[in-house]
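A.B. asks: Could you have a look at this structure, given as structure tokens, before my questions?
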Amino acid sequence: MKVKVAISNRHIHLTEEAYNMLFTKKITKKKDIGQKGEFAANETLTIEWGDKKIENVRIVGPFRKYNQIEISTKDARLLGVKPPVRKSGDLKDAVDLIVTSDEGSYNLKSCCIIANRHIHMNQAMADALKVKNDQEVRVKVDGPKGGEIKAFIKITDNGVLEFHIDTDDANSLMLNNGDEVELEI
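As numbered in this note's numbering, the sequence shown has no gaps in its residue numbers, which increase by one up to the final residue, 185.
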């Protein structure tokens, strides 16, 4: 089965409480993203660790019940941190980072991970494919630097079929947004 690639750049998910500590204005939508109801916000933050920082990190809405920063291995090396590779929402052993806006600064505890590769879908699609949430599957990538890699199924109510990988994985496999890969179950 063919699945469209969606490359996930570094980004931040915030609780409404954390957002309100950083901004006095309401969050505003820049554009919708692949999963229903989710959007890239106009608002960005600087993430910091010690004297290292990465500016203009996009906030992804809507608000969540937890704070999470997703970065790549390259970003982690730049900041000098070692976040765990985790599924979104699994913040065990996640790294603390400081986030800063023009209006304030906030120390986010246990927030930073490198996200596992995953394939979004809704329950109806999962039932049709006979897969379960968190099930490990293989993804076949064609092309000059192709191969097989593992990913996990992520079933959500708003799930739209997409293969999410970070910029490091996309670059190593020479993939672009919108390319198609083969899901092997």
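We put the CB at the ideal spot given by N, CA and C, even for glycine. The structure displayed is predicted, hence computed values, not measured ones.
1. Can you say whether glutamine 123 is buried or exposed, counting buried as having 16 or more other CB atoms within 10 angstroms of its CB?
2. So if DSSP puts glycine 86 in a beta bridge, which residue, or which two residues, is it bridged to?
3. Kindly indicate the opening and closing residues of the beta strand (DSSP E) around alanine 6.
4. Identify whether serine 72 lies in helix, strand or coil by the three-state DSSP scheme.
5. Excluding the five sequence neighbours on either side, which residues of its own chain have a C-beta within less than 8 Å of the C-beta of leucine 161, listed in chain order?
6. For serine 172, list the residues DSSP reports as bridge partners.
7. Would you mind reading off the limits of the alpha helix (DSSP H) that contains glutamate 17?
8. Following the continuous alpha helix (DSSP H) through aspartate 142, name the residue where it begins and the one where it ends.
9. Following the continuous alpha helix (DSSP H) through leucine 129, name the residue where it begins and the one where it ends.
10. Tell me the rounded alpha-carbon separation between glycine 143 and glutamate 55.
11. Starting from glycine 61 and walking both ways along the beta strand (DSSP E), at which residues does that stretch end?
12. Classify leucine 183 as helix, strand or coil using the three-state DSSP reduction.
13. Do valine 181 and valine 139 have their beta-carbon atoms positioned less than 7 Å apart in this structure?
14. What is the rounded straight-line gap between the Cα of glutamate 38 and the Cα of proline 62?
15. By a C-beta neighbour count over all protein chains shown, 10 Å radius and 16 as the cutoff for buried, is glutamate 70 buried or exposed?
16. Quick one: is asparagine 177 buried, meaning 16 or more other Cβ sit within 10 Å of its Cβ, or exposed?
17. Figure out for me which residue from Thr156, Ser105, Ile149, Ser110 has the closest Cα to the Cα of lysine 132.
18. In the DSSP output, what is glutamate 136 paired with across the bridge?
19. Quick one: using the 10 Å Cβ neighbour count with 16 as the cut-off for buried, is isoleucine 185 buried or exposed?
C.D. replies: Once the coordinates are examined:
1. Within 10 angstroms of the beta-carbon of glutamine 123 lie fewer than 16 other beta-carbons, which makes it exposed.
2. Contrary to the premise, residue 86 reads as arginine rather than glycine in this sequence. Ala115, per the DSSP bridge assignment.
3. It spans 2 to 8 - the beta strand (DSSP E) in which alanine 6 sits, taken as one unbroken run.
4. The DSSP-derived three-state label of serine 72 is coil.
5. Around leucine 161: Val3, Lys4, Ile119, His120, Met121, Met125.
6. Paired residue(s): none; serine 172 is not in a bridge.
7. Taken as a continuous stretch (DSSP letters only), the alpha helix (DSSP H) holding glutamate 17 covers 16 to 22.
8. Premise fails: aspartate 142 is in no alpha helix (DSSP H) and is neither H nor E.
9. In the DSSP assignment, leucine 129 falls within the alpha helix (DSSP H) that extends over 123 to 129.
10. Distance between glycine 143 and glutamate 55, taken at the CA atoms: about 33 Å.
11. From DSSP, the beta strand (DSSP E) with glycine 61 extends over 52 to 61.
12. Leucine 183 falls in the strand class under three-state DSSP.
13. Yes, these two residues count as a Cβ contact at 7 Å.
14. A straight line joining the alpha-carbon of glutamate 38 with that of proline 62 spans about 6 Å.
15. So glutamate 70 counts as buried.
16. So asparagine 177 counts as exposed.
17. For lysine 132, the nearest C-alpha among the options comes from Thr156.
18. Bridge partners of glutamate 136 according to DSSP: Phe152.
19. Looking at its Cβ environment, which holds fewer than 16 other Cβ atoms inside 10 Å, isoleucine 185 is exposed.
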